[in-house]
Amino acid sequence: MEYAFRNIERKWQENWKLGNAYRVSNQSAKPKYYVLDMFPYPSGAGLHVGHPLGYIASDVFSRYKRLKGFNVLHPMGYDSFGLPAEQYAIEHGIPPAVSTDQNIATFRSQLDKIGFCYDWEREVRTSDEGYYKWTQWIFLQLFDSWMDRTAQKARKLNELVEIFEREGNLNHPCPGEKNLAFAPMEWNGFSAHRKAEVLMHYRLAFCGIGEVNWCEALGTVLANDEVINGVSERGGHPVVKKKLRQWYLRITEYAERLLAGLQTVDFSDSMKEMQSNWIGKSFGAEIDFELVAENPSAEGKKLKVYTTRPDTLFGIDFMVIAPEHALVEHITSPQQSAGVAAYLDYVNSRSERERMAEKKITGVFSGAYCKHPFEERNIPVWISEYVLAGYGTGAIMAVPCGDERDFKFAKHFNIPITNIIGSYYDGTAANPTKEATLENSGFLNGLLMTDAMAVALDQLEALGIGKRQTNYRMRDAAFSRQRYWGEPFPIVWKDDVAVPLPESSLPVVLPPMTDLRPGPDAQGPLANLPEWAAVDGGTREVNTMPGYAGSSWYFLRYMDPKNTDSFCSREASDYWGQVDLYIGGTEHAVGHLLYSRMWTKALYDLGHIGFDEPFKRLVNQGKIGGDSRLVYRVRGTKQFVSAGLKDQYDTDELHVDVTMVDGLDLDMEAFKQWKPDFADATFITEDGVYKCGSRLEKMSKRYFNVVNPDDIVERYGADTFRMYEMFLGPVEQDKPWDTKGIEGVHRFIKKFWRLFFDTEKGLMVVDTPAADAAWKAFYKMVKKVEDDTARFSFNTAVSSFMIGVNDLTELHCHSKDLLTKFLVVLSPYAPHIAEELWAATGQPGSVLDASYPLVEEKYLVETSREYPLAINGKTRTTLMIDADASQADVEALVLLDPVVVKWLEGKAPKKIIYVKNKMINVVLG
RNA sequence: GCCUCGGUGGUGGAAUUGGUAGACACGCAGGACUUAAAAUCCUGUUCGCCGAAAAAGCGAGUGCGGGUUCGAUUCCCGCCCGAGGCACCA
């Protein structure tokens, strides 16, 4: 019987579906295990062979865990809100809801062909009303909460109001408005409007006017992580700063816990590093400097700077404040006012992009000075764009001998440089060392910089002119988009106050629209529906939520996807708990992962779930690159020259569709028919063959190197495809796709099939027990496969399968007992063939419900083994040694070995090293 | 510039990090079966030397240069190259 994979795979996919083979219950006596894939955005392009890599790995692992006796949750869904669908609607007039449904249908059929064990009854789509109702609900929880910094825990807003009434905000400084301070009396005297305004500065989801990244081309605001070098990540359009009313998540209040939480999860070092860099915690001091300015309005004001190097206090040569700094207008001297005004104009004229692209040294002297706290000297205060208004205090103390930027600034403006680090500073560049012994540094003289840090801080604090301060680089996350295809906010504006809608009016349904032009004043399309926006006594918020809203909590919805009373019942989230294994790409390192970690912490604080880190373990699958094929056109002609001869001509390089190339050989006829331009192409060949060039690059339509999994599955079957993707290399590593290599895995599967079936004789499986040698080969394989699967080394597991099948074929093993056990071990990787042969050999039920065979160690014990015998560390021969041999036994044997005798040349060895189960080394004198 | 991870045959990769470097595959070469093809099977395949060939042997070899060790792809020091991330964060 032939291995008819197409029929087999279709048959079992249907059977599994009909039998609900992958349905998972929230009630089970088995231990739970939650395996999650990062759900896809259903783009119009469909899947290419790179996408399923992580899905296959998680599928193999889920199936393995199931066989090991776990109740495994392994769901899938779609992150179906987002910009591309909206862009597509604008270009093609097809509503996002429609194109999204079509795309999902395509994705689903592609996924189905690969034979994943998803419980589709738990599917979620972020754009479904039943789903985004709860996204809106969670938003309301965040809106109605504040961070109690003392307890490091989010609390309900009404508790804050009680505190204000009792004690003002003395013990809970305002995160949104640093200098806001009020007593209980004052609070009680506030108008309702003022109270709302104050509370907004505390809310975890809040609205404010902010400078945002505005992208004219996309008509929307982008998050910091969506802007790369001043242009949009999507499309590369210019981005400028614009003041807009925006929603934000106060993620900065979670900075410390997001950082600390990294200690408790199993993410890769680089992933943890990316996140902690993003959070950007630094220790230092805020120091107040007395101002010396002519202007009366500077009277009594101080300049507060942030520094991480208080030890360099005596090296200050100038101060720099950001152009946006509030003090600018108060300290600019009359003589300098014209220059300062011109400089501010210049700064405003520069877009974010220009500022990032060309880092020119610019600045202007304000005319004002600061007093040095410990020395009789005045320090000039400069204004420059290299100091950022949004970080620290927006002002710095410049120490040019130790800081490169300060050094360049000093050199550029001819400001004299004080050296406090002796020979560490050579006058040509700053030296940021912490190892120097301080000089010219008053009371810090003679101290090592690392020690001076604390001494300086103590002194500053004692004098009341400075204090220790921790800063974070992370900013609050912009949470609104001027777009249509996202969750509407459950907010109504009444008299300029944001009023949350009651839970009973959720979901706020996104109204159907076909014309998705932006609304007036940089508002989204929803602003074009005044009748929708108008509600009793107010207007709806017309922004929508960003793409990461729905993806921040989807892993919770899978636990209880049909619940209409709650986003997820507490029983369900208590049962499933954290995601045990999360598989996805590294591109979400700082976006999605940080947001979902924050949402999880907030839901935990508010008592809705029982854990505060969503993902226990994260594995990042690598990207599969495309293997492009190139042809070379002789410039200005229709002549194409083969790769080996191209250097003899002046050529242009063009990508050709990889499907027209076999290895490197171009199908010239297909090429001529490919595009009208090439119909009359001629070829300069190498012996009649046109050889293409090749290049590894991103798999993309534009390079014609996209390989569709459907085609591979059609040609080789899903089992071959799954195993080949695993065989390609370590999951976490980037690697190129090579369609030719799949033959090897396909041959292996066919060879496996032949252990069961012979083309002529039919079923070969026999009841005779397997020979010990077969059991030995088998259990050796099982042990390796299980080890490898457990540690995500799927590629080596596949090669162990190959070795196993090669061994059993050689041993002519057709024993039913052994082979049916083999099916169980193989089934996570190749479920279809395993199920088919399970049934063919008359096994009851499904191989999915079998249990993983236990390795019988007795077959693996060895009474003796072959040791490599090295002479001076270089392997020369091998030697059989009994397991119970002593050092003396081994030495005696070694000295008899002819190879050793030859090398010894009659002399005695210096030493004989015998490491049990490893090797033997003879050291010559 | 800083941080993280890498660099092994013609190719993908293995050696579960101090113990036989190149498992398992792809490709290639040769052969068997076949009228032929497909499929399948067998042999060889890191480089160099010695040899008609085979066997055996010798030397070199995991980006480069040093070091530690009986023994290094693995550990240490100094470079080079590649991928990804961050980038005026004081």
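Residue numbers (the numbering used here): 1023 to 1947.
Backbone N, C-alpha and C define an ideal beta-carbon position, used for all residues, glycine too.
Going by DSSP, Trp-1860 is part of the alpha helix (DSSP H) stretching over 1853-1862. Check the Cα spacing between Val-1071 and each of Glu-1108, Gln-1049, Phe-1129, Gly-1104: the tightest is with Phe-1129. By the C-beta density criterion, His-1259 is exposed, having fewer than 16 other C-beta atoms within 10 angstroms. Just so you know, the alpha carbons of Asn-1370 and Ala-1417 end up roughly 18 Å apart. In this chain, the beta strand (DSSP E) harbouring His-1677 covers 1673-1678.
Rounded to whole angstroms, the gap between the alpha carbons of Phe-1726 and Gln-1695 is 15 Å. Scanning Asp-1684, Asp-1333, Leu-1652 for the CA closest to the CA of Asp-1674 turns up Leu-1652. Approximately 7 Å separates the beta-carbon atoms of Tyr-1617 and Ala-1499; this is inside 8 Å, confirming the contact.
Residue state for Tyr-1270 is assigned as strand, using DSSP reduced to three classes.
The C-alpha of Glu-1238 lies about 18 Å from the C-alpha of Trp-1507.
Taking a 10 Å sphere around the C-beta of Asp-1448, we find fewer than 16 other C-beta atoms and assign the residue as exposed. Closest option to Val-1601, judged by alpha-carbon separation, among Ala-1624, Pro-1636, Met-1341: Pro-1636. By the CB criterion at 7 Å, Ser-1650 and Arg-1717 fall inside the cutoff. Residue environment for Ser-1388: buried (at least 16 other C-beta atoms within 10 angstroms of its C-beta). Around the C-beta of Ser-1573, 16 or more other C-beta atoms lie within 10 Å, and the residue is accordingly described as buried. Tyr-1086: member of the alpha helix (DSSP H) spanning 1074-1089, first to last residue. Its chain contains Leu-1578, Arg-1579, Met-1581, Asp-1582 as the residues whose beta carbon lies nearer than 7 Å to that of Cys-1590, once the 5 sequence neighbours on both sides are disregarded; these appear in chain order. No residue range can be given for Tyr-1100, since it is assigned to no alpha helix (DSSP H) and is classified by DSSP as neither H nor E. In the DSSP assignment, Leu-1182 falls within the unbroken alpha helix (DSSP H) covering 1179-1189. Sequence-distant partners of Tyr-1446 (beyond 5 residues in either direction) whose C-beta falls short of 6 Å from its own C-beta, in its chain, are Asn-1453, Thr-1455, Ala-1458. Taking 7 Å as the cut-off, the Cβ atoms of Ala-1360 and Leu-1479 do not count as close. Under the three-state reduction of DSSP output, Lys-1929 falls in the coil class, being neither helix nor strand.
According to the DSSP assignment, Glu-1553 belongs to no beta strand (DSSP E) but to the alpha helix (DSSP H) extending over 1552-1555.
Just so you know, the alpha carbons of Lys-1393 and Phe-1305 end up roughly 24 Å apart. The stretch 1727-1774 contains, as complete alpha helix (DSSP H) runs of 4+ residues, the segments 1731-1738, 1740-1749 (chain order).
Residue state for Gly-1449 is assigned as coil, using DSSP reduced to three classes. A straight line joining the alpha-carbon of Gly-1385 with that of Ser-1406 spans about 4 Å. Per the DSSP secondary-structure output, Leu-1470 pairs in a beta bridge with Thr-1459. By the neighbour-count criterion, in which a residue is buried when 16 or more other Cβ atoms sit within 10 angstroms of its Cβ, Ser-1873 is exposed.
Counting the other Cβ atoms within 10 Å of the Cβ of Tyr-1368 gives fewer than 16, which makes it exposed. Where Pro-1422 is concerned, there is no enclosing alpha helix (DSSP H), because DSSP gives it neither an H nor an E.
The secondary-structure analysis by DSSP pairs Gln-1661 across a beta bridge with Thr-1704. Sequence-distant Cβ neighbours of Val-1564 in its own chain, meaning closer than 7 Å and more than five residues away, are Gly-1541, Gln-1545, Gly-1546, Leu-1548, Ala-1549, Ala-1555. Phe-1340 is positioned such that its CB atom lies no closer than 7 Å to that of Ile-1301. If you ignore the 5 residues before and after Tyr-1626, its C-beta comes within less than 8 Å of the C-beta of Gly-1632, Phe-1633, Asp-1634, all in its own chain and listed in chain order. Contact annotation: Val-1753 and Cys-1714 have beta-carbon atoms that are not nearer than 7 Å.
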